[in-house]
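**Q** Have a look at the structure that comes next, please.
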Amino acid sequence: MTEPVSGHTPVLPGEVVELLAPHPGDVVVDTTVGAGGHARLLAQAIGPAGILCCVDVDAAARDIARERLADGPCRVTLHRGNFADLGPVLDAAGISAVDVMLADLGVSSMQLGDPERGFSFATDGPLDMRMDDRLEGRAADLVNSLGEKQLADLVYHYSQERFSRRIAKRICRVRRDGRITTTRQLADVVCKALGVDPRSRRSKIHPATRTFQALRIAVNDELAALEKLLDQAPQYLKPGGRIGVISFHSLEDGMVKRDFRRRKAAGVYEIVTKRPVVAGEEERGSNPRARSAKLRVARRTERTLEEA
Ligand SMILES: C[S@@+](CC[C@H](N)C(=O)[O-])C[C@H]1O[C@@H](n2cnc3c(N)ncnc32)[C@H](O)[C@@H]1O
Numbered sequence: 066m067t068e069p070v071s072g073h074t075p076v077l078p079g080e081v082v083e084l085l086a087p088h089p090g091d092v093v094v095d096t097t098v099g100a101g102g103h104a105r106l107l108a109q110a111i112g113p114a115g116i117l118c119c120v121d122v123d124a125a126a127r128d129i130a131r132e133r134l135a136d137g138p139c140r141v142t143l144h145r146g147n148f149a150d151l152g153p154v155l156d157a158a159g160i161s162a163v164d165v166m167l168a169d170l171g172v173s174s175m176q177l178g179d180p181e182r183g184f185s186f187a188t189d190g191p192l193d194m195r196m197d198d199r200l201e202g203r204a205a206d207l208v209n210s211l212g213e214k215q216l217a218d219l220v221y222h223y224s225q226e227r228f229s230r231r232i233a234k235r236i237c238r239v240r241r242d243g244r245i246t247t248t249r250q251l252a253d254v255v256c257k258a259l260g261v262d263p264r265s266r267r268s269k270i271h272p273a274t275r276t277f278q279a280l281r282i283a284v285n286d287e288l289a290a291l292e293k294l295l296d297q298a299p300q301y302l303k304p305g306g307r308i309g310v311i312s313f314h315s316l317e318d319g320m321v322k323r324d325f326r327r328r329k330a331a332g333v334y335e336i337v338t339k340r341p342v343v344a345g346e347e348e349r350g351s352n353p354r355a356r357s358a359k360l361r362v363a364r365r366t367e368r369t370l371e372e373a
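The opening residue of the sequence shown carries number 66 in this note's numbering; numbering runs sequentially from there.
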């Protein structure tokens, strides 16, 4: 049982450790350290001879993880960076070969729960959604500047929202009277576009969930970052090294599945998880984030990339 850390409970903790199979003395890279929940479990498995390199694009997450991982037991290095830049980040850490790599995608409960970060409509806050506060574009910039078709395409492309056109049309109409600047404002516009009262909603998810997901993906360029991570990973994994990716929606899971299959066909990976691993009933009951989590793991073969 893994205790929640700063409000974030790591998903699939037992499965991550079992399938990534860290050993004493291993070099581990957690590319999305968050509150350090998975990192702590991996640190315990690699012990005092191991090296744990932790990466997060969010300065706040890195600070929480620093505290959380202060007692080792392995050597821990923390880096603020985007996993899209895996190579430069590992170079800076002096790491050229990795036994275990983990990416637990999306946002943490700390990010979601902080109204000032603007990820959630549960509490009102500025329409921001940047994981990396050095980025210039916020969700409000997209919502208030894109044309109706561009907005509809963005929402559809990144969330498969069936009513993306209706939502974009409503946004464009509302913003004629002034900018849409807060999460609640946007959630209300979406609900009105769909003619749904969120308090009496029949569906399990809030009507604005998909629109928010799409904007978050766009603001943080999440799919491009994942593609770059997947592209660079085989260069750094040792033969026998393992990569695990936990995704929370079908766009990401599809990318991971296709990448692992393509590299299996090239002889670079063996697929460890024939099907994505999902949380059991108990975890789904106790940790709502676990309900959509899918873990895929691949193992690097001996084949060099030149041979592939
Ligand atoms: C789901 S949380 C990770 C939680 C962590 N596994 C734990 O157990 O506490 C995802 C984290 O990944 C970070 N993140 C998302 N995309 C990233 C990227 N492209 N590069 C680096 N970090 C990223 C977020 O800032 C967030 O802190």
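By construction, the Cβ of each residue, glycine as well, lies at the ideal position given by its N, Cα and C atoms.
Determine the burial state of LEU302: buried for a count of at least 16 other Cβ atoms within 10 Å of its Cβ, exposed for fewer.
**A** buried
**Q** Between which two residues does the alpha helix (DSSP H) holding LEU291 run?
**A** 287-301
**Q** What does a CB cutoff of less than 7 Å around GLY72 pick up in its chain, not counting 5 residues either side in sequence?
**A** SER174, MET175 and GLY178
**Q** Taking 7 Å as the cut-off, is the beta-carbon of LEU219 closer than that to any non-hydrogen atom of ligand 2?
**A** As presented, the structure is devoid of ligand 2, carrying ligand 1 as its sole ligands.
**Q** Mind checking which residues open and close the beta strand (DSSP E) that includes MET166?
**A** 163-169
**Q** Is the segment 212-221 touching the segment 162-172, taking contact as three or more C-beta pairs under 8 Å?
**A** no
**Q** With DSSP as the reference, label HIS103 as helix, strand or coil.
**A** Collapsing the DSSP output to three states places HIS103 in a helix.
**Q** Are at least three pairs of beta-carbons, each pair with one atom in the segment 118-136 and one in the segment 257-276, less than 8 Å apart?
**A** no
**Q** Any heavy atom of ligand 1 closer than 7 Å to the Cβ of VAL82?
**A** No, the beta carbon of VAL82 sits no closer than 7 Å to any heavy atom of ligand 1.
**Q** To the nearest angstrom, how far is the alpha carbon of LEU291 from that of PHE148?
**A** 8 Å
**Q** Within 7 Å: the Cβ of ASP169 and any heavy atom of ligand 1?
**A** yes
**Q** Going by the DSSP bridge assignment, what does THR142 pair with across the sheet?
**A** CYS118
**Q** Given 8 Å as the limit, is there contact between the segment 188-200 and the segment 277-296, that is, 3 or more CB pairs closer than that?
**A** yes
**Q** Does at least one heavy atom of ligand 1 sit under 7 Å from the Cβ of SER173?
**A** Because some heavy atom of ligand 1 lies under 7 Å away, the Cβ of SER173 counts as near it: yes.
**Q** Where does ALA279 land, buried or exposed, given buried means 16+ other C-beta within 10 angstroms?
**A** buried
**Q** Are the beta-carbon atoms belonging to PHE186 and ALA100 less than 8 Å from one another?
**A** Judged by their CB atoms, PHE186 and ALA100 are not nearer to each other than the 8 Å cut-off.
**Q** Return the chain-ordered list of same chain residues with a C-beta closer than 6 Å to the C-beta of ILE282, the five sequence neighbours on each side being excluded.
**A** Contacts found: TYR223.
**Q** Per DSSP, what are the beta-bridge partners of GLY309 in this structure?
**A** LEU167 and VAL362
**Q** Which of helix, strand or coil does DSSP assign to PRO180?
**A** helix
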